[in-house]
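All residue numbers for the sequence shown refer to this note's numbering, where the first residue is 69 and numbers rise by one. A virtual CB, placed ideally from N, CA and C, is assigned to each residue, including glycine. Inspection log for the structure reproduced underneath, given as structure tokens.
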Amino acid sequence: MIFRLLCCVLIFALSNCSMQKSGSKAESTQFDRNAKPQEKVAEGDAAQDKVTLKVDYLTPVRAIQNPEVFVYKEKRRLYIIQSDVLVRDYPIGLGFHPVGDKEKEGDGKTPEGKFFVCVKKPNSRFQKSLGLNYPDKKHAERAFFAGVITPMEFRDILLAFENKATPPWNTALGGQIFIHAGGAHKDWTEGCVALYNSDMDELFQITSVGTPVSIRP
């Protein structure tokens, strides 16, 4: 009787093991486009922004052609999503005063909002870099009504935003916000997003002018 019971337990254990994904390259996760990747979504939640993602970090670079980039400042991570698949996850460094949205030149803050890649530089101060269209409409409106920028500067920023062009980078709001190489070991930039060199090499291949980049707190 004891022998038969042990055999049943062994068969049950083996059957459970065979149902697990051993070494699978793709898993599933919940993603709220207004929250953090891999944040759990409550069952029955009908929010339209919440989607189910697969996780596949083995997706070849050449297969990533229409990505979305998400930067989460608090987590110090940059995520790349394509067609509801989380394909890359890189550590990052931020500006030397990382908390809060950027307000002016020299404040050391990394801006927050929805941007896009407006310029690609294969040879820059920190090797490869991707320029973002900061200041955008949101930052320009806030600065204009606070008296920080002139009407002409406000107009030029809005025109660049509407035409999906590079905005003026010489106003009191600052500019030249890049995603670039140089290391993600600490928060050391003037407001840019920094990656390790090998990660930046890969990101540079994946993205193009116009790639959306969302930077969250």
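The alpha-carbon of Ala240 is positioned some 30 Å away from that of Asn265. Asp157: member of the beta strand (DSSP E) spanning 153-159, first to last residue. Only residues of its own chain outside the window of five on either side were considered, and among them Ile148 have a CB closer than 6 Å to the CB of Arg156, listed in chain order. Residue pairing by DSSP places Glu136 opposite Ile149 in a beta bridge. Note: Pro280 is bridge-paired with Phe184 in the DSSP secondary-structure output. Comparing alpha-carbon positions, the option among His165, Met268, Cys186 lying closest to Thr178 turns out to be His165. In the three-state DSSP reduction, Ala228 falls in the helix class (H, G or I).
Listed in chain order, the non-local C-beta contacts of Val153 below 6 Å within the same chain comprise Lys122, Asp124, local neighbours out to five positions each way being set aside. Note that the C-beta distance between Pro280 and Phe184 is below 8 Å. Just so you know, the alpha carbons of Lys196 and Pro128 end up roughly 20 Å apart. For Gly181, the closest C-alpha among the options Lys206, Tyr158, Ile160, Gly174 is that of Lys206. Around the C-beta of Leu126, fewer than 16 other C-beta atoms lie within 10 Å, and the residue is accordingly described as exposed.
If you look at Leu200, you'll find it in the beta strand (DSSP E) that goes 195-200. Cβ-Cβ separation between Val277 and Val139: approximately 18 Å, too far for a contact (criterion under 8 Å). Between Gly215 and Gly242, the C-beta gap is not smaller than 8 Å, which leaves the two residues out of contact.
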